[in-house]
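Trainee:
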Amino acid sequence: MASQLRKSVTIGSCLSKVRWGSSLSDSSGRKAERKKSSDDRLSGVIDAVNDRKLPPQLRGQRNNVRTETDIVNVVERRIWQSMEEGHFENLPGKGKPLNLNNNPHADPAEDTLYRILSKNNCAPEWVELNKGIRSDIANWRLTLKKARACKDSGDISKWNEYSDSLKAQIRSINNKVFRYNLIVPFGRQMNGLNWEKELARLNEVQEST
1 MASQLRKSVT IGSCLSKVRW GSSLSDSSGR KAERKKSSDD RLSGVIDAVN
51 DRKLPPQLRG QRNNVRTETD IVNVVERRIW QSMEEGHFEN LPGKGKPLNL
101 NNNPHADPAE DTLYRILSKN NCAPEWVELN KGIRSDIANW RLTLKKARAC
151 KDSGDISKWN EYSDSLKAQI RSINNKVFRY NLIVPFGRQM NGLNWEKELA
201 RLNEVQEST
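Position 114 (the sequence shown) corresponds to 114 in UniProt numbering; numbering is contiguous.
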């Protein structure tokens, strides 16, 4: 009797474990399904947003768009089609010279100042500074070329004398470049001189000739 009772308890325990394991498996499966469903919904929303960014001809065909070239080609066709239909014929200013006096990218205050200076035959400080820097660099490179000729001819003492002077001039020129870059409009900055790079540049010029 006791043996049968132990068997019943053991069988009951096994069945309980099986049901608990099955319950865990079902729970994990439901969680995975909910996560997949959530991911699918999110992916669908992203696809819908991206689809609205496409030209009308490509909407609903997102999977057929392989590269940006496809979109560019559609845009170009639309432009040419509009040109052929005369949509660009009635644009304001057609047939008239372009007004290049106003710079849409410049600060309005600076643009006004530049126009006032131009009418009075004056140039902004950075324009004059740019001319001076370029002139200084051209003269400096000529002197470097002469100094290199002294070195090649074996006059090392003259080369050393030139080198000290040229390096001092580099510091002076680069100080001007630094000031120029502070006051020049964005996009017009320039690089200063570097002794090693200038020597390498001179070597390339001499080798090419």
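Cβ coordinates follow ideal geometry from the N, Cα and C atoms, glycine included. Only a predicted model underlies this, so the values are computations on that prediction, with no experimental measurement involved.
1) Compare the beta carbon distance of A147 and L166 with 8 Å and say whether it is the shorter of the two.
2) Going by other Cβ atoms of all chains shown within 10 Å of its Cβ, with 16 needed for buried, is V177 buried or exposed?
3) To the nearest angstrom, report how far apart M83 and N73 are at their CA atoms.
4) Please report the distance separating the alpha-carbon of R41 from that of A48.
5) Taking the alpha helix (DSSP H) that Q189 belongs to, which residues open and close that run?
6) Note down, in chain order, each residue of its chain lying with its Cβ closer than 6 Å to the Cβ of Q81, except the 5 sequence neighbours on either side.
7) Can you have a look at L199 and say buried or exposed, based on whether 16 or more other CB atoms are within 10 angstroms of its CB?
8) Report the rounded CA-to-CA distance for Y162 versus K96, giving the unit in angstroms.
9) Got a sec, what are the start and stop residues for the alpha helix (DSSP H) N130 sits in?
10) Here's the rule: buried if 16 or more other CB atoms are within 10 angstroms of the residue's CB, otherwise exposed. What is L144?
11) Quick one: Cα of F186 to Cα of D155, how far?
12) If you reduce the DSSP assignment to three classes, tell me which class V184 lands in.
Mentor: Quick look at the numbers:
1) The beta carbons of A147 and L166 sit closer together than 8 Å.
2) Flag for V177 reads buried.
3) The alpha-carbon atoms of M83 and N73 are separated by roughly 15 Å.
4) Cα to Cα, the separation comes out at about 11 Å.
5) No alpha helix (DSSP H) holds Q189; DSSP gives it neither H nor E.
6) So no residue of the chain qualifies.
7) Burial call: exposed.
8) A direct Cα-to-Cα measurement between Y162 and K96 gives close to 57 Å.
9) DSSP places N130 in the uninterrupted alpha helix (DSSP H) bounded by 125-152.
10) Label assigned to L144: buried.
11) Each residue's Cα considered, the two are about 45 Å apart.
12) Three-state result, V184: coil.
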